[in-house]
Amino acid sequence: MPDCKYFEELCSASLDGELTRAEKRELDKHLAECPACAAWLEDLKLMRTAWGDIKAPLPEELHEKIMEHIIDAMPAPTPPRKRTLPVFTIIPRLLPACCWRYLARLGIYLAGWKSASLRLLATLL
Ligand SMILES: [Zn+2]
């Protein structure tokens with residue numbers, strides 16, 4: 010059994026003319042048994058009548074003014090980022106890291122492998 014929230018939505022749909030015959034029968038049956046939903050439907054009818062009375066024509070320039078505010082509030086488009094190939098960014102960073110071992114070995118070789126600590130260091134590199 011649907012609750013009153015369901016029938017409140019049916020009341021609104023009923024005023025909009027959106028109910029099927031089965032839904033209309035279901036709503037009418039519930040309204041006959043439920044004074045709260047019947048009152049809800051009457052309130053809705055009153056609100057729609059009152060709303061219809063206060064409707065005023067919108068100024069013609071309203072749409073344009075709203076669109077101008079929206080466009081002004083939008084951030085300027087950012088130009089697309091210029092992309093570089095990873096080769097040109099990664100290789101210059103990795104090259105010194107790769108070369109230091111060979112430069113260190115060359116230094117040890119040129120020093121003549123005289124020191125035991127240098128020989129140990131060369132084996133570690
Ligand atoms: Zn109800």
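If you want this note's numbering, it's the 1-based position in the sequence shown plus 9. We treat Cβ as the ideally placed atom computed from N, Cα and C, and that holds for glycine.
Problem set entry | Whether Leu40 touches Leu50 by CB criterion (9 Å) | yes
For this session: Assign Phe16 to buried or exposed, taking buried as 16 or more other Cβ atoms, counted over all protein chains shown, within 10 Å of its Cβ.
Result: buried
For this session: Using 8 Å as the cut-off, classify the Cβ of His39 as near or not near the heavy atoms of ligand 1, replying yes or no.
Result: yes
Exercise. Using a beta-carbon distance below 9 Å, is Glu18 in contact with chain D?
Worked result: Any reference to chain D falls outside this structure, which holds one protein chain only.
Exercise. Cβ of Ala45 versus every heavy atom of ligand 1: is any distance shorter than 8 Å?
Worked result: yes
Exercise. How should Cys46 be labelled, buried or exposed, when 16 other C-beta atoms within 10 angstroms of its C-beta is the threshold for buried?
Worked result: buried
For this session: Identify, in the order they occur along the chain, each residue of the same chain with its Cβ nearer than 6 Å to the Cβ of Ala22, setting aside the five sequence neighbours on each side.
Result: Leu28
Problem set entry | Backbone secondary structure at Asp37 - three-state DSSP | helix
Exercise. How is the alpha helix (DSSP H) around Leu119 delimited, first residue to last?
Worked result: Pro95 to Ala120
Problem set entry | Opening and closing residue of the alpha helix (DSSP H) in which Met7 lies | The requested residue 7 is not part of the displayed model; the chain covers only 10 to 134.
Exercise. How is the alpha helix (DSSP H) around Lys2 delimited, first residue to last?
Worked result: Here the chain has residues from 10 to 134 only, and residue 2 is not among them.
Problem set entry | Element boundaries [alpha helix (DSSP H), containing Leu24] | Cys13 to Leu24
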